[in-house]
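Colleague: In the numbering used here, the protein residues as written are 76 to 182.
By construction, the Cβ of each residue, glycine as well, lies at the ideal position given by its N, Cα and C atoms.
Every value quoted in this text rests on a predicted model; they were computed, and no experiment measured them.
Structure in structure tokens, see below.
Structure (structure tokens):
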């Protein structure tokens, strides 16, 4: 088995990358965990959990990178990840659709 090369610059780069992207990573992981537990608690199937949890994680990850466009600090990403995991894919879609329809009506 090959060992990972012990290069200090690689570890420094990885640590810097993790530090810079930690709120987004944490947001995605939190959404996956909360969505999984929500599906299990609600009596859902393993298939639903396997499909919905990564979808919530990906949705939270993408939303966390868009927070700065809305003027919201990136450090709040875990909160939004938790909310997305709690609402689920359908709940998040319904909330987003409601917000976008309201914005379209204002135009």
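At what residues does the alpha helix (DSSP H) containing residue 84 begin and finish?
Modeller: Start and end: 83-116.
Colleague: List the endpoints of the continuous alpha helix (DSSP H) containing residue 160.
Modeller: First-last of the alpha helix (DSSP H) with residue 160: 152-181.
Colleague: Quick check on residue 129: does DSSP put it in helix, strand or coil?
Modeller: Three-state result, residue 129: helix.
Colleague: Taking Cβ positions, are residue 131 and residue 157 nearer each other than 8 Å?
Modeller: Going by C-beta atoms, residue 131 is not nearer than 8 Å to residue 157.
Colleague: Return the residue from the list 86, 110 and 154 that minimises the CA-CA distance to residue 98.
Modeller: Closest by alpha carbon: 154.
Colleague: Using a Cβ distance threshold of 8 Å, determine whether the stretch 100-117 contacts the stretch 131-140, with at least three qualifying pairs required.
Modeller: Judged by Cβ distances under 8 Å, the stretch 100-117 makes contact with the stretch 131-140, as three or more pairs qualify.
Colleague: Please confirm whether residue 111 and residue 152 have their CB atoms less than 8 Å apart.
Modeller: No, these two residues do not count as a Cβ contact at 8 Å.
Colleague: Would you identify the three-state DSSP class for residue 122, choosing helix, strand or coil?
Modeller: Looking at residue 122 - three-state DSSP - the assignment turns out to be helix.
Colleague: Would the beta-carbon of residue 171 fall within 8 Å of that of residue 162?
Modeller: No, they are not a contact pair.
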